[in-house]
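>
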Amino acid sequence: MSTTLTIQQQDSAHCLHPFTNFKELNAKGARVIERGEGVFVYDSEGNKLLDAMAGLWCVNLGYGRQELVDAAAKQMQQLPYYNLFFQTTHTPAVELSTLLAELTPEGLNHAFFTGSGSECNDTVVRMVRHYWASKGQPQKLEIISRKNAYHGSTMAGASLGGMAFMHQQGGLPIPNICHIDQPYWFEEGQGQDPQEFGLERARQLEQKILELGEDKVAAFIAEPIQGAGGVIIPPDSYWPEIQRICDKYDILLVVDEVICGFGRTGEWFASQTFNIKPDLLCLAKGITSGYLPLGAVMVSDEVAKVITDANSEFAHGFTYSGHPAACAVAIENIRIMQQENIVSRVRDEVAPYLAQRWQELAEHPLVGEARSKGMVAALELVADKQTKQRFAKEVNAGEVCRDICINNGLIMRACGQTMIISPPLVITKQQVDQLVTLAKQSLDDTLQALS
Ligand code: PMP
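Counted the way the numbering used here counts, the sequence shown spans residues 2 to 452.
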């Protein structure tokens with residue numbers, strides 16, 4: 002049996018990790034995660050960790066669901082792979098697309114399958130441009146997004162995203178993508194009424210459309226709640242104003258629910274939570290609870306009609322578009338969610354409980370704000386609770402806190418000086434108590450480490 006050290010050495014020698022400073026990781030060695038059960042994962046040193054990030058916002062039904070394993074195994078025996086390219090189809094893709102058409106908001110009745118969230122957003126860029134070209138408006142190329150958005154890591158995904166540190170590598174964004182300011186009140190709106198701030202940020206969309214020219218703009222894309230940006234929950238005024246602007250001008254509204262979809266905000270989709278009417282809706286992660294890679298772009302009847310009536314090939318697709326085993330797992334995942342009333346349980350019981358317990362952390366001297374919506378939550382770390390002043394960058398307060406959390410048996414993520422969680426939707430109230438206790442302890446330890 003390999004020891005932890007042997008695994009770490011091989012890992013350093015051969016495995017390049019995503020979003021990682023390789024030198025730094027090789028110097029300390031990666032934590033080896035061996036197995037998972039429910040909301041917990043276990044590492045090779047025998048540590049039990051409460052996974053408050055559900056992997057990467059995806060293991061919504063928790064670890065160790067035998068039904069999902071069985072669904073994959075059964076499909077793999079019957080037909081492990083076939084593609085949808087050459088006028089062929091298979092029942093897992095047909096069944097899942099039908100199911101998604103029923104589940105997703107009204108009018109989104111067509112699924113284009115991908116292997117990931119990034120591939121969804123690459124598909125979005127190609128599809129919205131194909132749509133406008135098919136309508137005889139090929140000059141409508143420009144896609145408006147937001148600073149500090151995350152839409153994936155491929156060339157198009159990273160370009161749509163508004164992460165400055167990603168754009169610095171490799172000459173991004175690609176042409177015809179631009180970014181307006183985000184509705185991040187805590188960071189950028191202090192001193193201003195939050196609703197006014199929300200309206201102001203939304204109206205930047207209108208200004209940008211007018212600046213570029215309505216005849217040049219193809220679409221606006223956004224996450225209902227920015228996830229990787231730091232669980233940024235927009236003021237209530239924001240989304241209605243965005244919707245008004247998208248309705249007024251002739252542009253498509255693309256909603257990236259890679260994180261928010263499948264119950265995360267207490268409705269099946271956050272578009273329902275925020276009353277948004279998307280033309281395209283991106284799904285991934287929770288679609289299979291992360292057990293197999295899968296994404297889907299849900300396409301409105303209007304967009305589907307235009308690209309169908311164009312009567313020409315949409316020259317886009319992936320080997321794993323509609324992978325049968327991944328689709329079978331997604332179907333089973335949705336069946337379990339329905340059978341166990343996961344979404345209403347989140348909305349009526351667990352999310353209100355999390356919100357109440359999470360709010361207790363706002364009292365902590367290190368915390369400038371505690372916020373949550375459904376089953377995502379954030380803590381803003383501050384050096385001065387009164388003025389909300391942040392720590393100096395070099396202090397790496399977020400990373401210090403994250404490392405302390407993990408040593409205490411809790412997986413929380415740091416986005417700069419914002420600590421975030423997105424636990425499995427199946428977490429119990431008792432496990433929420435445990436999460437909050439560990440978070441409190443970790444904040445105390447962080448305070449001590451930083452003073
Ligand atoms: N969109 C959003 C909102 C995401 O959070 C992510 C991943 N965190 C992606 C897209 C990209 O998904 P993937 O990593 O599966 O490519």
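Think of the CB as a built atom: it goes at the ideal place given N, C-alpha and C, for glycine as much as any other residue.
Going residue by residue through the stretch 282-336, where are the continuous beta strand (DSSP E) segments of at least 3 residues, counting only ones entirely within it?
Entirely contained in the stretch 282-336, the beta strand (DSSP E) runs reaching 3 residues are, in chain order, 296-301.
> Is it buried or exposed for E38, if we count other Cβ within 10 angstroms and need 16 for buried?
Walking along the sequence shown from the start, residue 38 turns up at place 37. Classification for E38: exposed.
> So, under 8 Å CB-CB, K136 and V307 are touching, yes? Tell me the CB distance rounded to an integer number of Å.
Mapped onto the sequence shown, residue 136 falls at position 135. Mapped onto the sequence shown, residue 307 falls at position 306. That belief holds up - the Cβ atoms of K136 and V307 are roughly 6 Å apart, short of 8 Å.
> At which residue ranges does the stretch 3-58 contain complete alpha helix (DSSP H) runs of 4 or more residues, listed in the order of the chain?
As far as the stretch 3-58 is concerned, its whole alpha helix (DSSP H) runs of at least 4 residues are 5-15, 23-29, 55-58.
> Going by the beta-carbon positions, is the gap between V351 and Y292 smaller than 8 Å?
Counted from its first residue, the sequence shown places residue 351 at position 350. Counted from its first residue, the sequence shown places residue 292 at position 291. Result no, Cβ atoms of V351 and Y292 do not sit closer than 8 Å.
> DSSP puts R391 in a beta bridge; with which residues?
The count along the sequence shown starts at 1 and reaches residue 391 at position 390. In DSSP, R391 forms no bridge with anything.
> Quick check on L6: buried or exposed, where buried means 16 or more other Cβ atoms within 10 Å of its Cβ?
By 1-based counting over the sequence shown, the position of residue 6 is 5. Answer is exposed; the Cβ neighbour count stays below 16.
> From the DSSP output, which residues share a beta bridge with H180?
Taking the first residue of the sequence shown as 1, we reach residue 180 at position 179. In DSSP, H180 forms a bridge with S146.
> For S98, does the count of other Cβ atoms within 10 angstroms reach 16, so buried, or fall short, so exposed?
Here residue 98 is taken as the residue at index 97 of the sequence shown, counted from 1. Buried, since its Cβ has 16 or more Cβ neighbours within 10 Å.
> If I follow the unbroken beta strand (DSSP E) through S154, where does it start and stop?
What you label residue 154 is simply residue 153 of the sequence shown in a count that begins at 1. That residue, S154, is in no beta strand (DSSP E); it is neither H nor E in DSSP.
> Let me know the alpha helix (DSSP H) ranges lying completely inside the stretch 76-126, each 4 residues or longer, listed in chain order.
Runs of the alpha helix (DSSP H) inside the stretch 76-126: 92-104.
> With distances taken from CA atoms, which of M299, G399, H317, L411 is nearest D44?
For this step, residue 44 is matched to residue 43 along the sequence shown. Nearest option by C-alpha distance: L411.
> Within its chain, find whatever has a CB closer than 6 Å to the CB of N149; leave out the 5 residues flanking it on each side and keep chain order.
Taking the sequence shown and counting its residues from 1, the one referred to as residue 149 is at position 148. So the qualifying residues of the chain are G163, Q183, G230.
> Is any heavy atom of the ligand PMP found at a distance shorter than 7 Å from the C-beta of G262?
To locate residue 262, count along the sequence shown from 1; it is residue 261. Not so, every heavy atom of the ligand PMP lies at least 7 Å from the Cβ.
> Under three-state DSSP, which class holds F270?
Residue 270 sits at position 269 when you count from the first residue of the sequence shown. If DSSP states are grouped into helix, strand and coil, F270 belongs with coil.
> So, for W269: in the same chain, excluding its five sequence neighbours on each side, which residues have a beta-carbon less than 8 Å away from its beta-carbon?
Translated into the one-based positions of the sequence shown, residue 269 becomes position 268. Result list for W269: L104, T105, G262, F263, V344, in chain order.
> Identify which residue in S301, V383, R391, M413 has its Cα closest to the Cα of V129.
On the sequence shown, position 128 is the one that residue 129 refers to. V129 has its Cα closest to that of S301, out of S301, V383, R391, M413.
> From the DSSP output, which residues share a beta bridge with T447?
For the purposes of this step, residue 447 is taken as residue 446 along the sequence shown, with counting starting at 1. Partner(s): none; T447 has no beta bridge.
> If I'm right that P81 touches A327 with Cβ under 8 Å, what's the distance once you round it to whole angstroms?
Here residue 81 is taken as the residue at index 80 of the sequence shown, counted from 1. Here residue 327 is taken as the residue at index 326 of the sequence shown, counted from 1. Their Cβ separation, rounded to whole angstroms, is 11 Å, which puts P81 and A327 out of contact at 8 Å.
> Please return the same chain residues whose Cβ sits closer than 6 Å to the Cβ of A102, not counting the five positions on each side in sequence.
Against the sequence shown, residue 102 aligns to sequence position 101. Correct list, in chain order: N110.
> Can you find a heavy atom of the ligand PMP that lies under 7 Å from the Cβ of Y180?
Position 179 of the sequence shown, counted from the first residue, corresponds to residue 180. As written in the sequence, residue 180 is His, which differs from the Tyr given in the question. Result no, Cβ not under 7 Å from the ligand PMP.
> Measuring alpha carbon to alpha carbon, tell me which residue in A203, S290, R245 is nearest K278.
Locating residue 278 in the sequence shown gives position 277, where the first residue counts as 1. Measuring from the Cα of K278, the nearest candidate turns out to be R245.
> Roughly how many whole angstroms lie between the Cα atoms of T115 and Q390?
As a working note, residue 115 is residue 114 in the sequence shown. As a working note, residue 390 is residue 389 in the sequence shown. Their Cα atoms are separated by approximately 42 Å.
> Which first and last residues belong to the alpha helix (DSSP H) in which F198 is found?
Taking the first residue of the sequence shown as 1, we reach residue 198 at position 197. Its alpha helix (DSSP H) spans residues 195-213.
> For the ligand PMP, is there any heavy atom lying closer than 7 Å to the beta carbon of E25?
Here residue 25 corresponds to residue number 24 of the sequence shown, with the count starting at 1. The answer is no for E25.
> Check the C-beta distance from A295 over to T289 and give it rounded, since I have them as a contact under 8 Å.
Locating residue 295 in the sequence shown gives position 294, counting from the first residue. Locating residue 289 in the sequence shown gives position 288, counting from the first residue. At residue 295 the sequence reads Leu, which differs from the Ala that was named. About 5 Å separates the two Cβ atoms, so the contact holds.
> Does the Cβ of V42 have 16 or more other Cβ atoms within 10 Å, making it buried, or fewer, making it exposed?
Position 41 of the sequence shown holds residue 42. So V42 counts as buried.
> Straight-line CA distance for I175 to F221?
Taking the sequence shown and counting its residues from 1, one reaches residue 175 at position 174. Taking the sequence shown and counting its residues from 1, one reaches residue 221 at position 220. If you take the alpha carbons of I175 and F221, they lie about 16 Å apart.
> V377 and V232 - do their beta-carbons sit closer together than 8 Å?
To locate residue 232, count along the sequence shown from 1; it is residue 231. To locate residue 377, count along the sequence shown from 1; it is residue 376. Result yes, Cβ atoms of V232 and V377 sit closer than 8 Å.
> Could you check the C-alpha separation between Y321 and A371 for me, to the nearest Å?
Here residue 321 refers to the residue found at position 320 of the sequence shown. Here residue 371 refers to the residue found at position 370 of the sequence shown. Rounded to the nearest angstrom, the two C-alpha atoms are 40 Å apart.
> With 8 Å set as the bound, which would you pick, yes or no: does the beta-carbon of A165 sit closer than that to a beta-carbon of chain B?
Absent from the structure: chain B. Only one protein chain is present.
> Measure the alpha-carbon distance for I252 versus L85 and round it to whole angstroms.
Taking the sequence shown and counting its residues from 1, the one referred to as residue 252 is at position 251. Taking the sequence shown and counting its residues from 1, the one referred to as residue 85 is at position 84. Straight-line Cα distance between these residues: approximately 30 Å.
> What residue range does the alpha helix (DSSP H) around M413 cover?
By 1-based counting over the sequence shown, the position of residue 413 is 412. That residue, M413, is in no alpha helix (DSSP H); it is neither H nor E in DSSP.
> What does DSSP give as the partner residue(s) for K374 in the beta ladder?
Your numbering for residue 374 matches position 373 in the sequence shown. Answer is V377.
> Alpha carbon to alpha carbon, what distance is there between M54 and L69?
For the purposes of this step, residue 69 is taken as the residue at position 68 of the sequence shown. For the purposes of this step, residue 54 is taken as the residue at position 53 of the sequence shown. The straight-line gap from Cα to Cα measures roughly 20 Å.
> Compute the distance between the beta-carbons of P425 and G118, then report whether it is under 8 Å.
Numbered from its first residue, the sequence shown carries residue 425 at position 424. Numbered from its first residue, the sequence shown carries residue 118 at position 117. No; because the gap between Cβ atoms is not below 8 Å, this pair is not in contact.
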